[in-house]
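If you read the sequences in order, they're chains A and B.
Under the working numbering, read the first sequence as residues 2 to 257, first letter to last.
Under the working numbering, read the second sequence as residues 2 to 257, first letter to last.
Here's the structure we're looking at; comments come further down.
2 protein chains.
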Amino acid sequence: MSTVGKAISLLELFTLAEPELGLSDLARRSGFDKATTRRLLVALTGHGLVEQDAATRHYRLGAGLSRLARIREARFPFLQTAVPLARDLASATAETVHLSEFGIDRLVTVHVEHPARANRVNVDIGQLLPLHSTASGIVYLAFAREEAVKACLAGPLDAFTTHTLTEPVAVSHSMTEARERGYSICDQGLEEGVISVAAAILAADGFALGTIAVAAPKARTTAADIAERGLAAVAAAREISMRLNGDNLKALRRQA
Amino acid sequence: MSTVGKAISLLELFTLAEPELGLSDLARRSGFDKATTRRLLVALTGHGLVEQDAATRHYRLGAGLSRLARIREARFPFLQTAVPLARDLASATAETVHLSEFGIDRLVTVHVEHPARANRVNVDIGQLLPLHSTASGIVYLAFAREEAVKACLAGPLDAFTTHTLTEPVAVSHSMTEARERGYSICDQGLEEGVISVAAAILAADGFALGTIAVAAPKARTTAADIAERGLAAVAAAREISMRLNGDNLKALRRQA
DNA sequence: CTGATATGGTTCATTATTTGAACCGTTATT
DNA sequence: AATAACGGTTCAAATAATGAACCATATCAG
Chain A
2 MSTVGKAISL LELFTLAEPE LGLSDLARRS GFDKATTRRL LVALTGHGLV EQDAATRHYR
62 LGAGLSRLAR IREARFPFLQ TAVPLARDLA SATAETVHLS EFGIDRLVTV HVEHPARANR
122 VNVDIGQLLP LHSTASGIVY LAFAREEAVK ACLAGPLDAF TTHTLTEPVA VSHSMTEARE
182 RGYSICDQGL EEGVISVAAA ILAADGFALG TIAVAAPKAR TTAADIAERG LAAVAAAREI
242 SMRLNGDNLK ALRRQA
Chain B
2 MSTVGKAISL LELFTLAEPE LGLSDLARRS GFDKATTRRL LVALTGHGLV EQDAATRHYR
62 LGAGLSRLAR IREARFPFLQ TAVPLARDLA SATAETVHLS EFGIDRLVTV HVEHPARANR
122 VNVDIGQLLP LHSTASGIVY LAFAREEAVK ACLAGPLDAF TTHTLTEPVA VSHSMTEARE
182 RGYSICDQGL EEGVISVAAA ILAADGFALG TIAVAAPKAR TTAADIAERG LAAVAAAREI
242 SMRLNGDNLK ALRRQA
């Protein structure tokens, strides 16, 4: 792995659950030597991507990341446009709504709206979603480039529950249904007792760049709920796509 | 410079004005060899910190940055808490309000609220503010750790306009005034015709972690405006500090 | 149509940076 | 007082980064 890759994989060790980590901890988890880990941290700190708490000496993600993310967001106002619609969808469905953006070989959860009720599905910001075993992943693939689909189906399709689709043909079939329907349905593919629907958010080239999904406890979800949420998610996704692409209708050809 | 540092300095070449850059451009601006530049970009792309446009082959900041920034923001909800108050301040003053966070040796503009009027001061997200020549910088220093102040005054104090304070004692005096007043005033220190006031946002340890500032065209700004905005900025900053630190009053001792 | 000059991307011997075992000084814990 | 954890540092050895020269392609001017 390149040195740069190592440095970035250090950044990836910070999670919502553990946003601050000590040097030894980081070395252990990354598998790098303590000296190496430290040198990488110093380099990252020197550019503001990591900060060190003056008191505890622990490290955390730095303000420089906010800066870079805001520049990206300004160019590509995904959150800015999508969050209000996600919020609407969350209050309409009274279930958890999350937005994801594609990155490398997974979807990245970039925003979550939790409904104000005790029994709900919990999704964390920053969580990485596999493509074959989530509603978001399936609908993403349904509207993705051919290469991305091939790459996913060629790779290993891990089973997370007994319901996870691990056969390429099954995943492919699920994608076709999603494409025809406009939204995907994933029944406990990633976690037991959770059923989700998702719709694709399209870039100007007509391919998916992210998704919007509704996740709910299966126990209280009827077939009618699924259909209703699916259509609502499609409407929200279409609106987001339109706003992102300046009402460029051509971009939406694939979802029409 | 470490390889990691080089990679990060590539990220820093992307700005609001030029959010997409080609390989040759990046190599030229960074001063690195084209092969080196590409290898770094490949490493960054592999971890989602950079993306490549499929059509133009140009590079831009990637979704992975959004993810990391959101994790940081969840731990440290600076924007989440501060933006609503910045918005209130902007509508109350009808002038540009910006939020900055400290990073390395500068303040980083992480949010901007522009008033809905033609003649206003324009501030860009991601803009880096020097400490000695901006209202934000002065008030930050006024409530910063001794070391940070020393480091700033020891370094070169560049003049951006004829009004910029370039003498350490002058800057120091300006800091003292800001500390006593609660807010800083910067009269055309960074740009001609712009006058700003700023107040410090404090961390739990009582030291500044960022600032909130109001910037206005000097031509239409009276002394009364300055005082009014200064007090409003202090009120906003205090509210943000309180919300960030869970009403921990001890944290606010220095501003009291 | 051609030559000149861009662009993105690749190669591989040379070179310089990264690496990690062993080290130090502190700070809990026993 | 002894132990073990922590953060941080050192320097010869090992490894990864470097960059001049190289393609292939695209664009432009004459």
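Glycine included, each C-beta is placed from N, C-alpha and C at the ideal position.
Legend entry - Contact residues within the region 32-66 of chain B, judged by C-beta distance below 9 angstroms to chain A: The residues in question are Arg40, Leu41, Val43, Ala44, Leu45, Thr46, Gly47, His48, Gly49, Leu50, Glu52, Ala55, Ala56, Arg61, Leu62, Gly63, Ala64, Gly65 and Leu66.
Legend entry - beta strand (DSSP E) segments (min. 3 residues) lying fully within the region 112-170 of chain B: As far as the region 112-170 of chain B is concerned, it has no whole beta strand (DSSP E) run of at least 3 residues.
Legend entry - Where valine 172(B) falls, given that 16 or more other Cβ within 10 Å makes a residue buried: Within the second sequence, numbered from 1, the residue matching residue 172(B) stands at position 171. It counts as buried.
Inset, instruction - Taking only the alpha-carbon atoms, compute the straight-line gap between alanine 95(A) and glutamate 102(A) and give it to the nearest angstrom. - result: Here residue 95(A) refers to the residue found at position 94 when the first sequence is read from its first residue. Here residue 102(A) refers to the residue found at position 101 when the first sequence is read from its first residue. The straight-line gap separating the alpha-carbon atoms of alanine 95(A) and glutamate 102(A) is approximately 23 angstroms.
Inset, instruction - Label methionine 2(B) either buried or exposed according to how many other C-beta atoms from any shown protein chain fall within 10 Å of its C-beta, with 16 as the threshold for buried. - result: Locating residue 2(B) in the second sequence gives position 1, where the first residue counts as 1. Of the other Cβ atoms in all chains shown, fewer than 16 fall within 10 Å of the Cβ of methionine 2(B); this residue is therefore exposed.
Inset, instruction - Tell me, please, whether the CB atom of arginine 68(B) is closer than 8 angstroms to any CB atom in chain A? - result: Along the second sequence, read from residue 1 onward, the residue named residue 68(B) stands at position 67. With 8 angstroms as the cut-off, arginine 68(B) counts as an interface residue toward chain A.
Inset, instruction - Taking phenylalanine 79(A) as part of the alpha helix (DSSP H), name the residues at either end of that continuous run. - result: As a first step, residue 79(A) is located in the first sequence; it is residue number 78 there, counting from the start. According to the DSSP assignment, phenylalanine 79(A) belongs to the alpha helix (DSSP H) that extends over 79-94.
Inset, instruction - Determine which residues of the region 207-230 of chain B have a Cβ less than 7 angstroms from any Cβ of chain A, and write them out in chain order. - result: Close to chain A, meaning a Cβ-Cβ distance shorter than 7 angstroms, is no residue of the region 207-230 of chain B at all.
Legend entry - CB-CB length for isoleucine 139(A) against serine 185(A), believed under 8 angstroms: As a working mapping, residue 139(A) is identified with position 138 in the first sequence. As a working mapping, residue 185(A) is identified with position 184 in the first sequence. At roughly 4 angstroms, the Cβ-Cβ gap stays under 8 angstroms, so isoleucine 139(A) and serine 185(A) are in contact.
Inset, instruction - Assign glutamate 193(B) to one of three DSSP states: helix, strand, or coil. - result: Here residue 193(B) refers to the residue found at position 192 of the second sequence. Three-state DSSP puts glutamate 193(B) in coil, outside helix and strand.
Inset, instruction - Kindly indicate which three-state DSSP category leucine 12(A) falls into: helix, strand or coil? - result: Sequence index remark: in the first sequence, residue 12(A) carries index 11 (1-based). Three-state DSSP puts leucine 12(A) in a helix.
Inset, instruction - Count the CB pairs spanning the region 108-116 of chain B and the region 239-249 of chain B that are closer than 8 angstroms, and state whether there are at least three. - result: Verdict: no, contact absent.
Inset, instruction - Name the two residues that bound the continuous alpha helix (DSSP H) containing glycine 49(A). - result: Your numbering for residue 49(A) matches position 48 in the first sequence. According to the DSSP assignment, glycine 49(A) belongs to no alpha helix (DSSP H), since it is labelled neither H nor E.
Inset, instruction - Examine the Cβ distances between the region 72-86 of chain A and the region 20-27 of chain B and report whether three or more of them are shorter than 8 angstroms. - result: The answer is yes - the region 20-27 of chain B touches the region 72-86 of chain A, with three or more Cβ pairs under 8 angstroms.
Inset, instruction - Determine whether the Cβ of proline 85(B) lies closer than 8 angstroms to any Cβ atom of chain A. - result: On the second sequence, residue 85(B) is found 84 positions in, with the first residue counted as 1. With 8 angstroms as the cut-off, proline 85(B) does not count as an interface residue toward chain A.
Legend entry - Contact belief for serine 137(B) with alanine 214(B) at Cβ below 8 angstroms, rounded distance in angstroms: For this step, residue 137(B) is matched to residue 136 along the second sequence. For this step, residue 214(B) is matched to residue 213 along the second sequence. Indeed, because the Cβ distance is near 5 angstroms, the residues count as touching under 8 angstroms.
Inset, instruction - State yes or no: is the beta carbon of proline 157(A) nearer than 8 angstroms to at least one beta carbon in chain B? - result: One-based indexing of the first sequence puts residue 157(A) at position 156. By this cut-off, proline 157(A) is not an interface position.
Inset, instruction - State the CB to CB distance for the pair glycine 190(B) and threonine 222(B), rounded to an integer number of angstroms; the pair is presumed to be in contact (CB under 8 angstroms). - result: Within the second sequence, residue 190(B) is the residue found at index 189, counting from 1. Within the second sequence, residue 222(B) is the residue found at index 221, counting from 1. The beta-carbon separation of glycine 190(B) and threonine 222(B), rounded to 14 angstroms, does not stay under the 8 angstroms limit for a contact.
Inset, instruction - Under 7 angstroms Cβ to Cβ from aspartate 14(B), same chain only, skipping five residues before and after it: list those, please. - result: Position 13 of the second sequence, counted from the first residue, corresponds to residue 14(B). Rather than aspartate, the amino acid found at residue 14(B) in this sequence is leucine. Exclusion of the five residues before and after leucine 14(B) leaves Leu22, Leu27, Arg30 and Ser31 as the residues of its chain whose Cβ lies within less than 7 angstroms of its Cβ.
Inset, instruction - Can you say whether serine 175(A) is buried or exposed, counting buried as having 16 or more other CB atoms within 10 angstroms of its CB? - result: The residue given as residue 175(A) occupies position 174 in the first sequence. Serine 175(A) counts as buried, since no fewer than 16 other beta carbons sit within 10 angstroms of its beta carbon.
Legend entry - CA nearest to the CA of alanine 217(B), picked from Ser67(B), Gly231(B), Ala205(B) and Val170(B): Residue mapping note: residue 217(B) aligns to position 216 of the second sequence, counting from 1. When Ser67(B), Gly231(B), Ala205(B) and Val170(B) are compared, the shortest CA-CA separation from alanine 217(B) is found for Gly231(B).
Legend entry - Boundaries of the beta strand (DSSP E) in which glutamate 280(A) is found, first to last residue: Any question about residue 280(A) goes unanswered here, given that chain A covers just 2 to 257.
Inset, instruction - Consider the Cβ of valine 198(B): report whether some Cβ of chain A lies at a distance smaller than 8 angstroms. - result: As a first step, residue 198(B) is located in the second sequence; it is residue number 197 there, counting from the start. Cβ-Cβ to chain A under 8 angstroms: no for valine 198(B).
Legend entry - Selected residue, minimal CA-CA separation from glycine 247(B), among Ala236(B), Ala204(B) and Ala233(B): Taking the second sequence and counting its residues from 1, the one referred to as residue 247(B) is at position 246. Minimum Cα distance to glycine 247(B) is reached at Ala204(B).
Legend entry - Where the alpha helix (DSSP H) containing serine 242(A) begins and where it ends: Here the question's residue 242(A) lines up with position 241 in the first sequence. Looking at the DSSP string, the run of the alpha helix (DSSP H) that includes serine 242(A) is 224-245.
Inset, instruction - Flag glutamate 240(B) as yes if its beta-carbon sits less than 8 angstroms from any beta-carbon of chain A, otherwise no. - result: On the second sequence, residue 240(B) is found 239 positions in, with the first residue counted as 1. No - not a single Cβ of chain A is within 8 angstroms of the one on glutamate 240(B).
Legend entry - Test: arginine 29(B) CB closer than 8 angstroms to a CB of chain A: Locating residue 29(B) in the second sequence gives position 28, where the first residue counts as 1. Chain A has no Cβ within less than 8 angstroms of the Cβ of arginine 29(B).
Inset, instruction - Note down the Cα distance separating phenylalanine 79(A) from tyrosine 141(A), rounded to an integer number of angstroms. - result: The residue labelled residue 79(A) in the question sits at position 78 within the first sequence. The residue labelled residue 141(A) in the question sits at position 140 within the first sequence. Taking the straight line from one Cα to the other gives about 16 angstroms.
Legend entry - Whole-angstrom distance between aspartate 54(B) and alanine 83(B), CA atom to CA atom: Here residue 83(B) is taken as the residue at index 82 of the second sequence, counted from 1. Here residue 54(B) is taken as the residue at index 53 of the second sequence, counted from 1. If you take the alpha carbons of alanine 83(B) and aspartate 54(B), they lie about 33 angstroms apart.
Legend entry - Spatial distance of lysine 219(B) from threonine 97(B) (CA atoms): Your numbering for residue 219(B) matches position 218 in the second sequence. Your numbering for residue 97(B) matches position 96 in the second sequence. Approximately 13 angstroms, taken between the alpha carbons.
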